[in-house]
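To start, the structure itself, in structure tokens.
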Amino acid sequence: MKNDPIHGNALTTSLSKGQAYELAQRDGFALSDCPIDDRLLKSYLLNDSAGALVTFEGWVRNHNNKRAVSHLIYYGYEQLAINHGAKLVSQAKSKFDITHAVAIHRIGKLDIGDMAVWIGVTASHRTPAFAACEWLLNAIKADIPVWKQEFYDDDSSLWLSNNG
């Protein structure tokens with residue numbers, strides 16, 4: 022699955038897992054073709070000025086629109102996604118009274134139960150942390166160049182919008 026003749030390297034990243042996590046720690050956003058390590062990401066957010074941590078985990082579920090789902094494949098335009106994701110995290114920091122935010126999105130094949138996206142936000146208080154986390158999730162789904170192909174138990178598949 023590493024190289025798809027149609028989509029080229031859209032299923033993988035040029036970064037190792039360690040490099041992706043360093044990028045997430047430094048710039049606030051990364052793509053990864055490896056399972057998400059939410060404990061490590063959470064550790065990037067810990068600081069003495071934060072009184073609240075809000076996280077979101079998006080998982081692959083076994084159904085959609087009354088159809089049995091077998092797996093998903095996420096494709097991504099790596100450099101554009103990384104650059105734009107970092108800008109969205111920066112915007113969230115400007116827009117909300119938060120201390121930090123980190124987000125990571127998977128690409129490649131994901132099975133049922135796999136984590137597809139993780140977002141964490143810290144703030145002095147819970148209200149801006151919740152608001153920023155929700156805003157960041159919606160912005161990532163709307164603006165990051167990642168595409169989802171959903172596969173069903175009957176071997177058919179559909180391309181879905183990032184909001185679907």
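Counting from 1, position 112 in the sequence shown corresponds to residue 133 in our numbering; the numbering is continuous, with no gaps. For glycine and all other residues, C-beta sits at the position ideal for the given N, C-alpha and C. Predicted model only: the values in this text are computed from it and were never measured.
Should residue i be labelled buried (16 or more other beta-carbon atoms within 10 Å of its own) or exposed?
| i | result |
| --- | --- |
| E78 | exposed |
| D176 | exposed |
| D54 | buried |
| G106 | buried |
| L67 | exposed |
| R127 | buried |
| G97 | buried |
Please report how far the alpha carbon of residue i lies from the alpha carbon of residue j, in whole angstroms.
| i | j | result |
| --- | --- | --- |
| G141 | G49 | 10 Å |
| S91 | A137 | 15 Å |
| K108 | V123 | 12 Å |
| P26 | W180 | Only weak support is given to the placement of P26: the predicted model assigns it a pLDDT of 47, under 50, and the question is left unresolved by the model. |
| S111 | T120 | 11 Å |
| A144 | K130 | 33 Å |
| I125 | T34 | 12 Å |
| D174 | D118 | 45 Å |
| I133 | V81 | 5 Å |
| A163 | S70 | 31 Å |
| P149 | Q46 | 20 Å |
| W139 | T76 | 7 Å |
Using the three-state DSSP reduction, which class does residue i fall into: helix, strand or coil?
| i | result |
| --- | --- |
| R82 | coil |
| L191 | There is simply no residue 191 to check, as the chain begins at 22 and stops at 185 in what is shown. |
| I161 | helix |
| S111 | helix |
| S178 | strand |
| K87 | coil |
| S64 | helix |
| G106 | helix |
| L13 | Summary: the structure shown does not reach residue 13, with the chain confined to residues 22 through 185, and so no result is reported for it. |
| Y42 | helix |
For the ligand NAD, I want to know if residue i counts as a neighbour, meaning its beta carbon is within less than 8 Å of at least one of the ligand's heavy atoms.
| i | result |
| --- | --- |
| C154 | For the ligand NAD, the structure offers nothing, since it holds no ligand at all. |
| Hey, which unbroken runs of the beta strand (DSSP E) at 3 residues or more fall wholly within the segment 114 to 157? | 121 to 127, 129 to 132, 136 to 144
| field | Contact the segment 164 to 176 vs the segment 98 to 112: 3+ CB pairs below 8 Å | value | yes
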